[in-house]
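Quick note: the sequence shown uses this note's numbering, first residue 9, plus one each step.
Glycine included, each C-beta is placed from N, C-alpha and C at the ideal position.
Fair warning: this is a prediction, and the values are worked out from it, not measured in the lab.
For reference, the structure is listed below as structure tokens.
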Amino acid sequence: MLIYSKESARTEHIILHHYESTRILVEKRSRFLNSGFILVSISHALNHAYESLLPILYPLLLSEFGLSYSLIGVISMGYRLSGGLLQLLMGFLGRFFRRKYLLGFGLIWTSISNSLMIFSQNFSHILLSRSLAGIGSSPQHPTGSSYIADTFPKNQLGKALGINLVVASLGRFLTPFIGSLLLVTLGWRLTALVFTVPGLIVGGLFLFISEKKRLEQWSSLSSFKIMSKGVTTVLKDKVVLVVMIVEMIMAFRVGASDFIPSFLIKVGLTPLEAGFLFTAFLGAGLPSPYVWGYLSDKIERRKIVMLSMGLAAFLWYLLPYSGNYLSLLMVLVPLGFACQGVGGVIQAFVAEVTLPENRDIIYGIYYTLAFTLGSFSPVIIGYLADSIGFQASFTYVGIISLSAVITAYFMK
9 MLIYSKESAR
19 TEHIILHHYE
29 STRILVEKRS
39 RFLNSGFILV
49 SISHALNHAY
59 ESLLPILYPL
69 LLSEFGLSYS
79 LIGVISMGYR
89 LSGGLLQLLM
99 GFLGRFFRRK
109 YLLGFGLIWT
119 SISNSLMIFS
129 QNFSHILLSR
139 SLAGIGSSPQ
149 HPTGSSYIAD
159 TFPKNQLGKA
169 LGINLVVASL
179 GRFLTPFIGS
189 LLLVTLGWRL
199 TALVFTVPGL
209 IVGGLFLFIS
219 EKKRLEQWSS
229 LSSFKIMSKG
239 VTTVLKDKVV
249 LVVMIVEMIM
259 AFRVGASDFI
269 PSFLIKVGLT
279 PLEAGFLFTA
289 FLGAGLPSPY
299 VWGYLSDKIE
309 RRKIVMLSMG
319 LAAFLWYLLP
329 YSGNYLSLLM
339 VLVPLGFACQ
349 GVGGVIQAFV
359 AEVTLPENRD
369 IIYGIYYTLA
379 FTLGSFSPVI
389 IGYLADSIGF
399 QASFTYVGII
409 SLSAVITAYF
419 MK
């Protein structure tokens with residue numbers, strides 16, 4: 009009887025252990041199948057799709073409206089600046105309003121604003137359309153990242169943010185290919201209109217997902233006082249300050265890839281060849297957010313940031329010296345992998361060093377810096393391309409990336 013009891017207890021323990029292991033595994037997987045997480049990732053992809061549609065339109069806009077590379081940079085600046093200035097506010101509003109409404113209505117606004125571009129008759133019309141679209145994009149990054157950070161535990165956060173960026177990169181990758189096919193048959197105006205539809209659908213779906221009511225209530229002036237206090241509290245942390253400095257430096261390389269198709273055509277490639285190489289560059293970046301995120305869950309995140317930015321610095325410097333199709337391909341593929349997706353690693357680091365109640369604010373600050381300062385980068389790169397050449401533009405991006413490596417060393 010004693011033997012039977014021991015064997016029964018052992019069997020029961022094994023069964024319970026197996027049940028608990030299975031329960032934990034199912035729970036882990038269910039987080040990745042969460043409808044909110046899926047929509048946040050798809051919405052992220054569409055925001056990147058709207059952004060990556062523009063580079064394949066630039067050659068047509070250059071010829072139709074007589075634009076310079078500097079003015080192309082101003083168009084990019086308008087989108088990033090209008091969105092960047094509202095990042096902190098949108099992140100903070102996530103404390104009071106359900107994030108699904110901020111993300112859903114934001115995507116709908118972006119889609120409609122982008123569609124207004126089809127009525128453009130001059131440079132100012134395009135600039136206005138893109139600037140309005142930037143306003144709608146402002147909730148995506150701080151609110152979406154905060155939503156994911158609250159959904160996943162620490163040991164899955166790098167992977168989750170990595171998947172979010174992989175999906176975003178997928179949207180960015182597919183858009184030039186799909187857009188190029190549509191351009192041939194529809195022209196650039198109708199192509200821009202077609203891309204409006206997915207955003208309206210996904211934005212509407214956000215409104216139907218379940219989300220807990222936010223605990224805090226909006227009360228105008230007192231709420232802004234809370235935001236001010238939260239910003240002060242967050243920025244007193246020295247580690248957070250270093251992360252913000254790293255992001256400020258990295259912001260000055262934003263938009264560099266937008267000029268790759270124009271650079272490739274300028275060095276003698278056909279639009280088709282340039283499109284293929286740009287697609288290869290974007291395709292190489294598809295797995296990188298997941299890989300960098302996964303590695304950062306296993307290795308010190310600071311080292312992953314330094315590795316990716318160091319590799320990117322070398323390849324950006326090498327790019328203008330690549331003289332033929334094959335050498336360009338050999339540079340662009342590893343460059344696409346190196347320079348895309350490391351943002352997820354920094355976001356995971358930010359989540360680790362801040363309290364949950366301050367995440368909306370810290371992500372708001374993070375993306376305000378990224379988008380606001382990053383809005384000036386395309387203008388700088390475009391000006392260097394106009395006045396000196398793409399060699400100077402890409403060398404500048406390499407120097408910025410190297411500076412980020414040096415500063416990231418102190419993220420500890």
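Collapsed DSSP secondary structure at residue i in the structure displayed
i, result
"E72", "helix"
"V413", "helix"
"V350", "helix"
"K311", "helix"
"E59", "helix"
"T403", "helix"
"L110", "helix"
"F418", "coil"
"I408", "helix"
"N42", "coil"
"S119", "helix"
"V275", "coil"
"L33", "Annotation note: pLDDT 41 at L33 (below 50); position unreliable, no value reported."
"F105", "coil"
"K246", "helix"
Nearest candidate by alpha-carbon position, reference residue i, set the options
i, options, result
"L191", "S84, V82 and Y66", "Y66"
"F418", "L334, M252 and L198", "M252"
"F131", "W117, V254, G152 and S78", "S78"
"K420", "D245, M98 and V48", "D245"
"Q148", "S49, H133 and W300", "S49"
"V353", "G344, I312 and T199", "I312"
"S304", "R107, F100 and N163", "N163"
"F260", "L68, Y404 and G102", "Y404"
"A412", "A400, M314, G382 and S330", "M314"
"L182", "H56, C347 and A400", "H56"
"S43", "F104, K108 and Y58", "K108"
"Q348", "G397, V262, K306 and F113", "V262"
"F345", "M317, F113 and A157", "M317"
"L89", "G382, A400 and V275", "G382"
"L215", "Y374, T415 and L47", "L47"
"S119", "L68, G211, A400 and S330", "G211"
"V275", "W300, A321, S330 and R309", "S330"
Contacts around residue i, its chain only, beta-carbon distance under 7 Å, and the 5 residues preceding and following it disregarded
i, result
"A53", "V175, A176, L178 and G179"
"L337", "L285 and A288"
"L75", "L69 and F131"
Short Cβ contact (7 Å threshold) for residue i with residue j
i, j, result
"M258", "L377", "no"
"L93", "T380", "yes"
"G187", "S145", "no"
"L189", "T151", "no"
"L169", "A393", "no"
"P386", "S84", "yes"
"S51", "L115", "yes"
"G99", "G351", "no"
"G301", "G166", "yes"
"R138", "G86", "yes"
Close Cβ partners of residue i (< 8 Å) along its chain, the five nearest in sequence each way excluded
i, result
"E281", "L272 and Y333"
"I342", "One point to set straight first is that residue 342 is Pro, not Ile, in the sequence displayed. A292, L319 and L323, listed in sequence order."
"V247", "V361, M419 and K420"
Own chain partners of residue i with C-beta closer than 6 Å, once the 5 adjacent residues on each side are dropped
i, result
"S123", "L201 and T204"
"R31", "Residue confidence for R31 is low, a pLDDT of 43 falling below 50, so the modelled location carries little weight; the figure read from the coordinates is stated next. Excluding positions up to five away in sequence, the list is empty."
"P63", "D266 and P269"
"G390", "Y77, S78, I80 and G81"
"L140", "S121"
"F402", "W324, L327 and P328"
"I407", "none"
Any C-beta of chain C under 7 Å from that of residue i
i, result
"L47", "Here chain C cannot be found, since the structure has a single protein chain."
Length at least 4, wholly inside the region 124-151: the alpha helix (DSSP H) runs in chain order: For the alpha helix (DSSP H) assignment, the uninterrupted runs of no fewer than 4 residues enclosed by the region 124-151 are, from N- to C-terminal side, 131-145.
Contained alpha helix (DSSP H) runs [length at least 4] in the region 150-225, N- to C-terminal order: Within the region 150-225, the complete alpha helix (DSSP H) runs of at least 4 residues are 162-202 and 204-214.
Unbroken stretches of the alpha helix (DSSP H), 4 residues or longer, contained in the region 277-331: If we require 4 residues or more, the alpha helix (DSSP H) runs fully inside the region 277-331 come out as 279-292, 296-306 and 309-326.
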